[in-house]
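Please read the structure below before turning to the comments.
In my numbering, the protein residues as written are 5 to 85.
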C-alpha cells in the first residue's frame, strides 16, 4: 500500500481487519465491528495514544480507528459527530 500511495498521494489507503467493517454515508466513514481500521493519509491519530503503537517512519503515518470512530473522507480528518 505504501508504494502505491507514494506514487499517488491523492489516494487514501484503508486497511480493514477481520470482524470489522466500514459504513460510508456521503463523506463520512464509520468503523463498526470488533477490531480496527487504518487510514493512511500521512498523519497519525489514535484514541489510545501513540505510545501504545510502534509507528512507521514520518512519511508513513496513519489513523488507527476503532468501532464508533468516524473519518471525513473529503476533509481527511477525524470527525466527532
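Just so it is clear, CB atoms sit at the ideal spot from N, CA and C, and this is done for glycine as well.
Under 7 Å between the Cβ atoms of residue i and residue j?
{"i": "residue 82", "j": "residue 66", "result": "no"}
{"i": "residue 78", "j": "residue 31", "result": "yes"}
{"i": "residue 8", "j": "residue 25", "result": "no"}
Out of the options, which has the shortest C-alpha to C-alpha gap to residue i?
{"i": "residue 75", "options": "21, 16, 39, 22", "result": "16"}
{"i": "residue 39", "options": "69, 31, 77", "result": "69"}
{"i": "residue 27", "options": "80, 72, 84", "result": "72"}
{"i": "residue 10", "options": "19, 33, 44", "result": "44"}
Just reading off the beta strand (DSSP E) that residue i is part of, what are its end residues?
{"i": "residue 69", "result": "66–70"}
{"i": "residue 15", "result": "Per DSSP, residue 15 belongs to no beta strand (DSSP E) and is neither H nor E."}
{"i": "residue 34", "result": "32–37"}
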